[in-house]
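Data first, discussion second: the structure below is written as structure tokens.
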Amino acid sequence: MLTSIANIFKIPELRNKVFFTLGMLLLFRLGTHITIPGIDPKVVSAIALDANASEGLVGMFDMFAGGALLNFSIFALGIMPYISSSIIMQLVMVLVPSLQKLQKEGEEGRKKIGQYTKYGTILLCGVQSLAVIRLAQRWSYGADNTPALHPGLIHSSVESWFFFIALLSITTGTVLLIWLGEQITERGIGNGISLLIFAGIVGRLPVSIAQLFRENFVDGLNIIILLLLFILLISLTVLLTQGVRKVPLQYGKQMVGRRMVQAKSQSIPFKVNGASVMPIIFASSLLLFPQTIIQQIAELPNWAGWVVLLDYLNPFSQIWYHAAFYFFVYIALIVFFAYFYTAIQFNPTELAENLRKYNGFIPGIRPGSHTKEYIEKVLNRITLPGAVFLAGLALAPYIIIRFLDLGTNSGGGSLVYTFGGTSLLIMVGVALETLKQLESQLLMRNYDGFLKKSKIKGRS
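If you use full-length UniProt numbering, the sequence shown corresponds to residues 1 to 460, in order.
Here is the structure:
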């Protein structure tokens, strides 16, 4: 491993790519501390010391933005609007035949879809920026009967122009992040957008660790338990990411020159977690949407029942069956979206037709409809354990926080969120994909990879 790392810096081209990537990531981290024009940096520093500011939905988005949201920086939304736009585009392509046709047109078609995705990103930025602006205004001025939590957050000289300045700054910041990601992909080690998300999540680790050791109630035993649980979760996540079910393939004899030659046996690798992190993102979004709406309505003195409904959407509710309802709905949504996203990714009918076209077949299975049914059965069987495993990983942070009695906004709680669920899947997936990219560059230049006995398998 150490020899392979040393070899990376011996190759001038690869060394330049690594340094370029690190430079782009450093620019991203610096940008998370550049505040929106009109925001007072001194008040932002006070928000960083306020543990209650990072609770709930705000804290979750701040983690994925690498702390940029609560810094009210130009990168407040991070790269997530682009990810959301990409997911929406994938779903739309299933429903719109013209986009499916465009996707099959090669490089030009992919460029067109990429443009549409960027247009969607700008639109989403405009909508999501409103939430950041509303948060800044509420904390600076207060809302209804609620006093201002952080008076003076918005400087008085820009009050009348703040809406337009913030909207333009945040949208431009996200567009700049897309450009940084594309530069890393083209001129760096690749996988630019994913590396920006990875850098945002990892960038919060030093703050969470420092906060953990500043807390008086955290003892040595809890830290040891957390460390062991993190190792276990990382190991299970690697198994989930790398797990595949290989379906053997056989091709008929082919004419090579003047002889009939039997083609080599191959296989189709179906991933146990073919949907990757998408089911958790979809499920979380669906649960967070009504939670956010009810939270806004509950502030109005209309009906006390809103508070009860909100408690049913709280995984840390003191009433056990309220929390159990949340967990049940969360697991059901993850399983549903795991099947839904896998169905989008794989088309058994098209796969069976392609096999028959190229004279391929699965041993013991007839070509055509029988092959299609067999592939559907295999996908259904491997998707269920993968979805259940994914749901367990998503619930792990809530269970650990309850078991160790950690605060949701404490350093321990922040660390648990980082090493569980969506963030851990992203970190492990991006790390494996990056190692795969570097290993392929080393092998191409006749150097040993990171593993001598086998190659690293990425997410693809």
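From the three backbone atoms N, C-alpha and C, an ideal C-beta is built for every residue, glycine too. Since the model is a prediction, treat every value here as computed from it, not as a measurement.
Between the alpha carbons of G120 and S45, how many angstroms are there, rounded?
For G120 and S45, the distance between alpha carbons rounds to 33 Å.
Using 8 Å as the threshold, is the segment 303 to 322 in touch with the segment 362 to 370, meaning 3 or more CB pairs across them?
No contact exists between the segment 303 to 322 and the segment 362 to 370.
The beta strand (DSSP E) spanning R356 covers which residue range?
R356: not part of any beta strand (DSSP E); member of the alpha helix (DSSP H) spanning 348 to 357, first to last residue.
Does the segment 238 to 254 touch the segment 265 to 273, meaning 3 or more C-beta pairs lie closer than 8 Å?
The answer is yes - the segment 238 to 254 touches the segment 265 to 273, with three or more Cβ pairs under 8 Å.
Thinking L99 and V92 are a contact (beta carbons under 8 Å), I'd like their distance in whole angstroms, please.
The pair is a contact, with the Cβ atoms about 6 Å apart (cut-off 8 Å).
Considering only the beta carbon of each residue, do G386 and S276 sit closer than 8 Å?
Taking the C-beta atoms as reference points, S276 is found no nearer than 8 Å to G386.
S460 versus I201: straight-line alpha-carbon distance, rounded
With a pLDDT of only 48 at S460, under 50, the local geometry of the prediction cannot be trusted, and the value read off the model is given with reservation. Roughly 22 Å between the two C-alpha positions.
Would M427 be called buried (16 or more neighbouring beta carbons within 10 Å of its own) or exposed?
The Cβ neighbour count for M427, taken over all protein chains shown within 10 Å, is at least 16; the residue is labelled buried.
Would you identify the three-state DSSP class for I193, choosing helix, strand or coil?
For I193, the three-state secondary structure derived from DSSP is helix.
Among L355, S84, D62, which residue has its Cα nearest to the Cα of L208?
Residue identity differs from the one stated: residue 208 is Ser in this sequence, not Leu. Taking each of L355, S84, D62 in turn and checking the Cα distance to S208, the smallest one comes out for D62.
Given that a residue counts as buried once 16 or more other Cβ atoms are within 10 Å of its Cβ, and exposed if not, what is P206?
Around the beta carbon of P206, a 10 Å sphere encloses fewer than 16 other beta carbons of the protein chains shown; the residue is thus reported as exposed.
Can you find the residues in the same chain that come closer than 7 Å, C-beta to C-beta, to L153, ignoring five residues on each side of it along the sequence?
Counting only Cβ-Cβ distances below 7 Å, and skipping sequence neighbours, we find I39, D40, V43, A136, W139, S140.
Give the DSSP-derived three-state secondary structure of F9 in the structure shown.
Three-state result, F9: helix.
Rounded to whole angstroms, what is the Cα-Cα separation between K112 and S86?
When rounded, the distance between both Cα atoms is 13 Å.
Three-way DSSP call (helix, strand, coil) for P363 in this model:
Coil at P363, not helix or strand.
Which residues bound the beta strand (DSSP E) around V247?
The continuous beta strand (DSSP E) containing V247 extends over residues 244 to 251.
Given a cut-off of 8 Å, decide if A76 and V158 are closer than it, judged by their beta-carbon atoms.
The Cβ-Cβ distance between V158 and A76 does not fall below 8 Å.
With a threshold of 8 Å on Cβ separation, who are the neighbours of L180 within its own chain once the five nearest residues in sequence on each side are excluded?
So the qualifying residues of the chain are M24, L27, F28, G192, L196.
Per-residue DSSP class, three states only, for L91
Correct three-state label for L91: helix.
Pick from L313, K357, L124: whose alpha carbon is nearest that of S284?
The option with the nearest alpha carbon to S284 is L313.
Where does F270 fall in DSSP's three states?
Three-state result, F270: strand.
Under 6 Å Cβ to Cβ from F282, same chain only, skipping five residues before and after it: list those, please.
If you ignore the 5 residues before and after F282, its C-beta comes within less than 6 Å of the C-beta of F337, all in its own chain and listed in chain order.
Below 8 Å on the Cβ atoms is my guess for R187 versus F20; work out the distance and round it to an integer in Å.
That belief holds up - the Cβ atoms of R187 and F20 are roughly 6 Å apart, short of 8 Å.
Compute the Euclidean distance between the alpha carbons of Q90 and M278, then round it to the nearest angstrom.
Roughly 12 Å separates the two Cα atoms.
M444 to F328 span [Cα, whole Å]:
Spanning the two alpha carbons is a distance of roughly 48 Å.
Quick check: what's the CA-CA separation for P97 versus P81?
One C-alpha to the other measures close to 25 Å.
What residue ranges within the segment 99 to 127 form continuous alpha helix (DSSP H) runs of no fewer than 4 residues, ordered along the chain?
Runs of the alpha helix (DSSP H) inside the segment 99 to 127: none found.
Check T32 in the structure and name its three-state DSSP category.
Taken through DSSP and simplified to helix, strand or coil, T32 comes out as coil.
Does DSSP put S45 in a helix, in a strand, or in coil?
S45 falls in the helix class under three-state DSSP.
The ligand NAD and G152: does any heavy atom of the ligand fall closer than 7 Å to the residue's C-beta?
Of the ligands one can find in the structure shown there are none, so the ligand NAD has no counterpart to examine.
Tell me whether S73 sits in a helix, a strand or coil according to DSSP, three-state version.
DSSP, reduced to helix, strand and coil, places S73 within a strand of the structure shown.
I believe G66 touches A199 by the beta-carbon criterion, under 8 Å. Please report the beta-carbon distance rounded to the nearest angstrom.
Contact between G66 and A199 is confirmed by a C-beta separation of about 7 Å, below the 8 Å threshold.
Is L333 near S4, with beta carbons less than 8 Å apart?
In this structure, S4 does not lie closer than 8 Å to L333 by Cβ.
Using the three-state DSSP reduction, which class does I79 fall into: helix, strand or coil?
In the structure shown, the three-state DSSP call for I79 is coil.
If you count every other CB in all the chains shown that lies within 10 Å of the CB of F361, and 16 or more means buried, which is it?
Here F361 is buried: its Cβ has 16 or more other Cβ atoms, across all protein chains shown, within 10 Å.
Taking Cβ to Cβ, would you say A68 is nearer than 8 Å to L233?
Their beta carbons are not under 8 Å apart, which means A68 does not touch L233 by this criterion.
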